[in-house]
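Chemist: If you scroll down you'll find the structure; I have some questions about it.
In structure tokens:
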């Protein structure tokens with residue numbers, strides 16, 4: 021019941037989210053044959069003083085077109101689209117989860133229903149989790165037939181792994197926003213807090229000396245490029261002991277934020 | 007020969023219940039027992055702690071001290087079991103404005119497995135709500151009616167109603183009184199808080215006054231009400247002064263004078279010439295006056311278990 025209500029509340033955002041992701045994916049990929057030639061000629065990336073941007077430049081202008089295309093997809097589909105739109109969608113959906121209920125005086129009504137608070141949290145969370153994650157995987161899957169039209173191949177399994185990682189990152193932002201939404205009473209304040217946190221992380225990413233400490237380090241080109249090339253198999257994504265295990269770190273973040281939300285909701289009063 | 011009345015088991019048992027927010031204490035050691043099938047009216051001024059008490063009962067707010075049992079369950083640890091048998095109407099009407107009335111009703115009733123279908127039809131017929139329209143287009147009274155529908159239709163054992171008559175006109179309030187009576191006749195237990203003393207008094211089996219987080223003792227209440235009955239409210243004709251034998255307590259905004267008489271107020275009124283007084287009220291308990299008197303009274307608020 022609560023899940024159905026939550027779905028009805030976020031379905032418009034879900035539709036807009038899918039359309040935006042798709043619109044960001046299709047045109048840039050269709051640019052490919054022309055832009056590849058331009059990228060090979062360009063000296064722009066070499067002129068820039070940021071190492072990570074130089075690596076992107078050399079990746080997308082690789083002499084092997086197939087490798088260059090995989091890098092292009094890593095940059096455009098993941099480093100740009102899902103990081104940007106996925107995070108924004110997660111924040112947008114997460115802010116209202118509990119703060120909006122408080123603002124519209126429906127929180128007390130909801131807490132007084134014969135539903136446990138754990139169930140309330142779960143029924144609000146899972147539809148939003150699906151809305152945030154499934155479009156990333158679906159939209160990225162639509163890129164495969166598009167690539168065939170360019171007579172290029174996108175490895176489906178690697179694309180799926182990268183999409184899963186991107187989805188988990190968006191999910192981490194959703195649970196973080198959900199936690200803030202359980203403890204902060206005003207929706208705008210929730211958005212401001214999480215938005216400021218995201219901007220801070222981006223700022224950290226752009227600052228060379230503290231870049232490794234930024235959350236966006238877990239979802240940058242240096243991470244997606246090897247996944248798309250098949251150099252980071254699933255076990256490495258999920259194994260923090262013998263591999264980078266970034267996906268597991270993000271999943272741990274999801275679990276932690278979910279636990280904090282549950283604890284905050286259990287103690288909260290209308 | 008009539009059979010002796012069988013004492014009903016208590017649905018609500020509260021002992022020494024207190025609630026504090028930081029340094030502010032909202033409830034001070036409240037003791038209360040509500041047997042099954044009773045309609046209890048909880049009266050008190052704003053900020054007296056009525057809402058907090060109801061919230062404590064349904065487990066929305068954790069008490070700071072004392073104990074509470076509803077259906078033998080502790081609201082602090084077993085609130086879900088209580089909420090399965092209880093419907094709570096919050097004081098601030100919380101309705102999803104983006105939903106239509108029908109959608110909200112379906113959503114709210116969906117949490118309870120059994121509904122009083124005849125009551126639902128009766129309420130729908132009386133309230134005449136445009137259920138196909140979005141709630142955001144409803145007036146405050148219509149929202150309250152919708153909230154009442156969502157609260158009264160589920161077939162549960164206990165109804166906790168925080169100011170159910172808020173925003174309702176007189177005819178709907180009378181109708182609501184009938185509805186609550188019919189629920190009581192079915193053996194349901196009802197606790198309602200209100201500001202309308204006369205209406206709650208005519209409806210409730212029992213009244214409890216909550217003042218500054220304490221229940222007022224019956225002795226104190228009786229004394230205050232007896233004192234109030236000695237205070238007639240009169241409106242003097244233009245140019246007339248207060249007749250002898252009475253002292254003015256205050257002049258109200260509507261021009262009525264509240265006075266105290268040395269002797270029986272009825273006798274005093276009878277002894278006044280018709281051209282002096284335009285109108286008079288006597289023996290009417292006005293809640294505001296009662297509050298004023300109770301606040302001034304130096305009797306303890308509650309004799310039993312009062313922590314103060």
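Protein chains in written order, with the working numbering: chain H, 21 to 290; chain E, 7 to 314. Just so it is clear, CB atoms sit at the ideal spot from N, CA and C, and this is done for glycine as well.
1) CB-CB under 8 Å to residue 174/E, same chain, minus the five flanking residues each way: which ones, in chain order?
2) Would you identify the three-state DSSP class for residue 147/E, choosing helix, strand or coil?
3) Can you look up residue 199/E in the DSSP assignment and give me helix, strand or coil?
4) Can you tell me the Cα-Cα spacing of residue 8/E and residue 44/E, whole angstroms?
5) Does residue 115/H come within less than 9 Å of chain E when only Cβ atoms are used?
6) Need the endpoints of the beta strand (DSSP E) that residue 107/H sits in, please.
7) Taking Cβ positions only, does residue 222/E come closer than 9 Å to chain H?
8) Against chain E, which members of the region 226-237 of chain H pass a CB distance test of less than 7 Å?
9) Tell me which same chain residues have a C-beta within less than 7 Å of the C-beta of residue 286/H, skipping the five on either side of it?
10) What are the boundary residues of the alpha helix (DSSP H) that residue 49/E is part of?
11) Report yes or no: is there a C-beta of chain E within less than 9 Å of the C-beta of residue 5/H?
12) Of all the residues that make up the region 70-88 of chain H, which are near chain E by a beta-carbon distance shorter than 8 Å?
13) Return the first residue and the last residue of the beta strand (DSSP E) that residue 254/E is part of.
14) Report the rounded CA-to-CA distance for residue 182/H versus residue 68/H, giving the unit in angstroms.
15) Do we get a CB-CB distance below 9 Å when we pair residue 101/E with the residues of chain H?
16) Consider the Cβ of residue 178/H: report whether some Cβ of chain E lies at a distance smaller than 9 Å.
17) Per DSSP, which one or two residues make a beta bridge with residue 56/H?
18) Taking Cβ-Cβ distances shorter than 8 Å, what residues in chain E pair up with residue 124/H?
19) In the structure shown, what three-state DSSP assignment does residue 96/E receive?
20) Examine chain H for any beta-carbon lying closer than 9 Å to the beta-carbon of residue 82/E, and answer yes or no.
21) Which residue spans inside the region 157-216 of chain H form an unbroken alpha helix (DSSP H) run of at least 4?
22) Using a Cβ cut-off of 8 Å, pull out every chain E residue sitting near residue 21/H, in sequence order please.
23) Please check if any C-beta of chain H sits within less than 9 Å of the C-beta of residue 68/E.
24) Residue 134/H by DSSP, collapsed to three states: which one?
25) Run through the DSSP bridge pairs and tell me what residue 215/E is partnered with.
26) Within 10 angstroms of the Cβ of residue 186/H, are there 16 or more other Cβ atoms? Answer buried if so, exposed if not.
27) What did DSSP end up calling residue 159/E once you bin it into helix, strand or coil?
28) Can you find a C-beta in chain E that's less than 9 Å from the C-beta of residue 129/H?
29) Using the DSSP secondary-structure output, state which residues sit across from residue 25/E in a beta bridge.
Modeler: On the basis of the supplied data:
1) Contacts found: 147, 150, 151 and 182.
2) The answer is helix: DSSP assigns residue 147/E an H, G or I state.
3) strand
4) With a pLDDT of only 49 at residue 8/E, under 50, the local geometry of the prediction cannot be trusted, and no value is derived from it.
5) no
6) That residue, residue 107/H, is in no beta strand (DSSP E); its alpha helix (DSSP H) goes 107-123.
7) no
8) none
9) 137
10) First-last for residue 49/E: 45-49, but that is the beta strand (DSSP E), not the alpha helix (DSSP H).
11) Nothing about residue 5/H can be reported from this structure: the residues present for chain H run from 21 to 290 only.
12) none
13) Segment 252-257, the beta strand (DSSP E) holding residue 254/E.
14) 27 Å
15) yes
16) No, because no Cβ of chain E sits closer than 9 Å to the Cβ of residue 178/H.
17) Its beta-bridge partners do not exist; DSSP assigns none.
18) 100, 102 and 103
19) coil
20) no
21) 163-169 and 176-203
22) For residue 21/H, the chain E residues whose Cβ falls inside 8 Å of its Cβ are 113, 116 and 117, in order along the chain.
23) yes
24) coil
25) 49/E
26) By the neighbour-count rule (16 or more Cβ atoms within 10 Å), residue 186/H is buried.
27) Correct three-state label for residue 159/E: coil.
28) yes
29) According to DSSP, residue 25/E bridges with 33/E.
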